[in-house]
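S.K.:
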Amino acid sequence: MGARKSIMAEKLKAEKKQKAIAVLRDCPTSPRKMRLVADIIRGVEINRALGILRYSKKEASIRMEKLLRSAIANWEAKNEGQRLEDTPLCVKEVFVDGGRMLKRVQPAPQGRAHRIRKRSNHVTVVVDKMVTEEKK
């Protein structure tokens, strides 16, 4: 039983070594706007994803591009022996969670007040090797 656990642990370690993660916390963009950009690059090869983000009109794509470059740099740091050009990488996972919300009050007509919620988000990008289907 102990040998089996060590084999599983080695497999998990090898999988973890291939993956690279980058996290952006408290980004001052609403999660809804950031998810639009995240959905575009999910599952895409990294060079194509960088091109998409570079020429996107959305303001959130600037931060997402910087985060993707950070994830790529993290992958390079983990895998020193491998060249980035030889390894097909893709954006394996991208998820956007709601962050801290700043609540403000804006005066409204007839003595009322409206609440303004300035939203922020947390973004996580996971870069991993592309899975190629092997022919049997």
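The numbers in the sequence shown follow this note's numbering, run straight up by one, and end at 168. Ideal Cβ placement from N, Cα and C applies to all residues, glycine included.
What would DSSP say about L85, mapped onto helix, strand or coil?
M.R.: Three-state DSSP puts L85 in a helix.
S.K.: Mark I39 as exposed unless 16 or more other C-beta atoms lie within 10 angstroms of its C-beta, in which case mark it buried.
M.R.: The residue is exposed, with fewer than 16 neighbouring Cβ atoms inside 10 Å.
S.K.: Can you list, in chain order, the residues of its chain whose CB lies under 7 Å from that of R149, leaving out five sequence neighbours each side?
M.R.: M133 and K135, listed in sequence order.
S.K.: Short check: CB of N153 to CB of V128, under 8 Å?
M.R.: Contact: yes.
S.K.: For N153, list the residues DSSP reports as bridge partners.
M.R.: Per DSSP, C59 and G130.
S.K.: My guess is that V159 and V123 are in contact by the Cβ rule of under 8 Å, so how many angstroms apart are they, rounded?
M.R.: Correct: roughly 6 Å between the Cβ atoms.
S.K.: Rounded to whole angstroms, what's the CA-CA distance from R74 to V157? Just pull it up for me.
M.R.: Roughly 9 Å between the two C-alpha positions.
S.K.: Count the other CB atoms within 10 Å of the CB of E42; is the residue buried (16 or more) or exposed (fewer)?
M.R.: So E42 counts as exposed.
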